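Sequential numbering of the sequence shown, starting at 35, is according to my numbering.
Comments concern the structure below.
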Amino acid sequence: MGDTNYFSGTVKILDNPTQKLVKEKILMTKVWVEIAQLRQNKLILVVFWGSLGDEIKHIYQINDYLLIEGYSSIKKTNSKLNRIIITALKVYPLFLTLTSASGKNLN
């Protein structure tokens, strides 16, 4: 990893979270988001650990807005583009998508 800084901001969930076990016992959840801002948005990977990741997987869905707090880092890649990764520590729901029991979007 590269430099790290504390991050607090509003993000929009773009796809379904994916989960995997690290060392066969620690749950890691990853989800692609974009920061809610007026200028050109970039995709950011947010990583959640343990029960917080499980909560993200089962409660929130695509197009939900969350306020997250955590540490941001820049992963240097072989290409000229660097990837921003946020390891989330706290999550607060802001604007959630309402769905009916049949799974239809009510918004």
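The beta carbon of each residue, even a glycine, is placed where N, CA and C say it ideally should be.
In this text, all values refer to a predicted model and were calculated from it rather than measured experimentally.
query	result
K64 (DSSP reduced to helix, strand or coil)	strand
Same chain only: Cβ atoms within 6 Å of E103, ignoring 5 sequence neighbours per side	S42, L123 and K124
Sequence-distant residues of the same chain with beta carbon closer than 6 Å to N75, five excluded per side	E68
Cut-off 6 Å between Cβ atoms - residues of its own chain near D98, not counting five sequence neighbours on either side	I47, L130 and T131
Residues bridged to K39 [DSSP beta-bridge criterion]	The residue you asked about is not Lys; residue 39 is Asn in the sequence shown. BP columns for N39 point to S106.
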